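For the record, the sequence lines run as chains C and H. Heads up: take any position in the first sequence, counting from 1, add 76, and you land on the numbering used here. Heads up: take any position in the second sequence, counting from 1, add 1342, and you land on the numbering used here. Note that the Cβ used here is the ideal one computed from N, Cα and C, for glycine as well. As the structure is a computational prediction, the values presented were derived from the model and not from experiment. Below is one structure; the comments refer to it alone.
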Amino acid sequence: MLEFARYEGRHRVRGSLVLTAGIAALIALYVWLFPSFKASGIDWEAYIESFPPAFMEAFGVRNITSIEGFLSAELYSFVWVLLLGMYLAYSAASTVAGEVEDGRMDLRLSLPVSRRRIVGEKFLSLLVPVLIVNLLTPMAVYGGVLLIGESMSAADLVAVHAFSIPYLLACAAIGLAISVALDREGRAQRAALGAIFGLFMIESVVAGTDAEPVGGLSPTRYFDPSAILVDGTYDLAGAGILLGATVVIVLASQWWFSRKSLE
Amino acid sequence: MSAIEIHGLSKDYGPILANDDLTFEVEDGEVFGYLGPNGAGKTTTIRTLMGLQSPTAGTATIMGHDVRDEGELIAAKRSVGYLPSNPSFDRDATGREILDLHASIKGDDRRDEILELFDPPLDRTVREFSSGNVQKLGLVQAFMHDPDLLVMDEPTSGLDPLMQSRFNEFVRAEKRAGKTFFLSSHVLSEVRRVCDRVGILRDGRLVTVERVESLLDRSGKFVRARVVGELGAEDLDFDGVHDPTVTAIEAGPELSSVPDDETITEVTFTFTGDINDLLGRFGRERLLDLDLEEAPLEDVFMRFYGNDSATTADAGTSGTAFDTATGGDGNA
């Protein structure tokens, strides 16, 4: 069982560790900046009050002079929601389209397994980067926060990472669907990046307008790091919606690939 | 039940009809060569058989299983070994990891035995493989689970002559053990030594399916001879000579044994008669050189299946290039 997922998951470990190391370096930089940011004497609250609501929404700007508010605005709302979401969608976009394009899929499909299984296990292998980055990063963050003499709720930190998992899986599912739909790896990757960025933008732009319900199509609506870190509120329903959407999109991708003629 | 049955199979890509109403069977236990020039539609048929792409019309079965039904095809694939044309593997994986993955799904009873014949560097990543080694890895994965039917698209492409003959020998041994082969090639001389029957595909249409001996008898030999003295077209007017050309040539340095005032004549033709008659006929001349090569597939097409604008009188000379590589050795 799960031979493909294990094989591909193994090949994702190194890249995931490199990704995590990069993020840890970025965290170190932010955390190191925080004391001087806080001590600068600038009235940040007044400054951010002047931002348009869409910006506040996009970057989760709230209570920015607390370490929680600072991290959620600088790190989570941007790096986690946007960059990591795009990374997962991009990685997922390579999976099927890349193998179809260069012919590797021909040999994989010569094995006595269903196409649904191949697509499903490709998706499962993406759990490796999702889990590694969410397991190691909170340790780096917590360590960094303690080092600069600040403190924050460890439970909220764990929660923000736990709640990011359904969000990142939903992004990966979107990338997977694009990967099945398109036959060129490069095209699928660009489409996946564009899709996540576009959904992020839509959700930000419609915030506080009459078109706000449209933002419900974006996975970013259901994962709000600021709410978890600053307010300590957990959106369980949102996580459920993300997981449900992930399952639906993965099933649809499997169904689609099982009927597709690879030409 | 035949190993492979194809009925009315067509694949329309819009601008081109890659497979046009193909109907043929590959019998259990035979080695069937699927021949045709590049672009004839061989790969389309093979990928349809493997369930990778859907036919526009028609049906095909592998060991009785409909290739259009995924569930049926999965059952068939347990006993099929497949080698695509230009096989492609994960470049960051080692040969061993790839074989292990395949083994975990389909088994590898014969892996060690096959690796003694075809030995890609298993501990290196595929990125470092030469194209010959990629082909060998493809052959190992195709054979290692001891399948009953082998479907191979240009199996000897990229292999050096030693590996090619090792492959041919292995195919013959496997055939004796009861295995069925469906092999494609664009070079007749490459598969003629192993095939029982060949099907020839041209522009998506099957032009003939016949026993390989009868095709070879009819296709004949390409002959090039240099003789001292003058020879005319009438001198070549005997049974089995086709498309003769006669050219007077100047004596170059390699012909220094010939006096300057002698004429030298080069003749070329395709010969389908008895080789003894040919030698008897030339026995009367002073021969400087005599080449006998298997006729290139393109010539065979031209002579038996009609000509079209794409094939010209040059096809003979350009075609010999392939055949000299493997060396025609008469009706072996």
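Check: List the DSSP bridge partners of serine 229(C).; Outcome: According to DSSP, which records beta bridges pairwise, serine 229(C) is partnered with nothing at all.
Check: Could you tell me how far apart the beta carbons of lysine 1517(H) and glutamate 1635(H) are, in whole angstroms, since I believe they sit closer than 8 Å?; Outcome: In fact, because the Cβ distance is near 27 Å, the residues do not count as touching under 8 Å.
Check: In three-state terms, what does DSSP make of lysine 336(C)?; Outcome: coil
Check: Going by beta carbon distance, what residues of the same chain come within less than 7 Å of aspartate 259(C), once the five residues before and after it are set aside?; Outcome: Ala173, Val176, Glu177
Check: Could you confirm whether any beta carbon from chain C is found closer than 9 Å to the beta carbon of isoleucine 1456(H)?; Outcome: no
Check: Would you decide whether threonine 1386(H) is buried or exposed? Buried here means 16 or more other CB atoms lie within 10 Å of its CB.; Outcome: buried
Check: Give me the DSSP bridge partner(s) of histidine 1349(H).; Outcome: Thr1401(H)
Check: Shortest alpha-carbon distance to alanine 216(C) belongs to which of Leu158(C), Gly91(C), Gly98(C)?; Outcome: Gly98(C)
Check: Whole angstroms is fine: what's the gap from aspartate 307(C)'s alpha carbon to leucine 212(C)'s?; Outcome: 24 Å
Check: Taking histidine 1444(H) as the query, report the chain C residues whose CB atoms sit under 7 Å from its CB, ordered along the chain.; Outcome: Leu187
Check: Which term fits phenylalanine 127(C), buried or exposed, when burial requires 16 or more other beta carbons within 10 angstroms of its beta carbon?; Outcome: exposed
Check: Mind checking if leucine 1548(H) is an interface residue toward chain C, Cβ cutoff 9 Å exclusive?; Outcome: no
Check: Select from Val1368(H), Asn1380(H), Gln1395(H), Glu1439(H) the residue whose C-alpha is nearest the C-alpha of aspartate 1354(H).; Outcome: Gln1395(H)
Check: For a quick check, are the C-beta atoms of asparagine 210(C) and alanine 168(C) less than 9 Å apart?; Outcome: no
Check: For tyrosine 1376(H) versus glycine 1541(H), is the C-beta distance shorter than 9 Å?; Outcome: yes
Check: Straight-line CA distance for aspartate 1432(H) to glutamate 125(C)?; Outcome: 52 Å
Check: Count the other C-beta atoms from every protein chain shown that fall within 10 angstroms of the C-beta of glycine 351(C), then say buried if there are 16 or more, exposed otherwise.; Outcome: Residue 351(C) is absent from the model: chain C starts at 77 and stops at 339.
Check: Looking at C-alpha atoms only, which residue of Thr1589(H), Ile1346(H), Ser1421(H), Asn1428(H) is the closest neighbour of glycine 1406(H)?; Outcome: Ile1346(H)
Check: How many whole angstroms separate the CB atoms of valine 282(C) and glycine 291(C), which I take to be in contact at a CB cut-off of 8 Å?; Outcome: 5 Å
Check: Any Cβ of chain H within less than 9 Å of the Cβ of aspartate 286(C)?; Outcome: no
Check: Between the Cα of histidine 1487(H) and the Cα atoms of Phe1512(H), Asp1451(H), Gly1474(H), which residue gives the shortest distance?; Outcome: Asp1451(H)
Check: Given that a residue counts as buried once 16 or more other Cβ atoms are within 10 Å of its Cβ, and exposed if not, what is isoleucine 325(C)?; Outcome: buried
Check: Does glycine 320(C) come within less than 9 Å of chain H when only Cβ atoms are used?; Outcome: no
Check: Of all the CB atoms in chain C, is at least one closer than 9 Å to the CB of leucine 1359(H)?; Outcome: no
Check: Does isoleucine 1447(H) get closer than 9 Å to chain C when you measure Cβ to Cβ?; Outcome: yes
Check: Between which two residues does the beta strand (DSSP E) carrying threonine 1385(H) extend?; Outcome: Where threonine 1385(H) is concerned, there is no enclosing beta strand (DSSP E), although the alpha helix (DSSP H) it sits in stretches over 1384-1391.
Check: Which residues, taken in chain order from the segment 77-93 of chain C, show a beta carbon closer than 7 Å to some beta carbon of chain H?; Outcome: Glu79, Tyr83, His87
Check: Quick check: alanine 1327(H) and tyrosine 1424(H), are their CB atoms within less than 9 Å of each other?; Outcome: This structure gives no information on residue 1327(H), because the portion of chain H shown stretches from 1343 to 1674.
Check: Please classify serine 280(C) as buried or exposed, where buried requires at least 16 other C-beta atoms within 10 Å of its C-beta.; Outcome: buried
Check: Per DSSP, what kind of secondary structure is valine 1529(H) in: helix, strand or coil?; Outcome: coil
Check: How big is the Cα-Cα spacing for valine 1554(H) and isoleucine 208(C)?; Outcome: 59 Å
Check: With DSSP collapsed to three states, give me the class of valine 189(C).; Outcome: coil
Check: When DSSP labels each residue in this structure, what does asparagine 1361(H) get in the three-state scheme?; Outcome: strand
Check: Among Tyr163(C), Ala165(C), Arg180(C), whose alpha-carbon lies nearest the alpha-carbon of phenylalanine 1426(H)?; Outcome: The sequence given here places proline at residue 1426(H); phenylalanine does not occur at that position. Residue Arg180(C) is the option with its Cα nearest to proline 1426(H).
Check: Taking any Cβ of chain C, which residues in the segment 1393-1404 of chain H have a Cβ under 8 Å from it, in chain order?; Outcome: Gly1393, Leu1394, Gln1395, Ser1396
Check: Whole angstroms is fine: what's the gap from glutamate 1532(H)'s alpha carbon to phenylalanine 1524(H)'s?; Outcome: 14 Å
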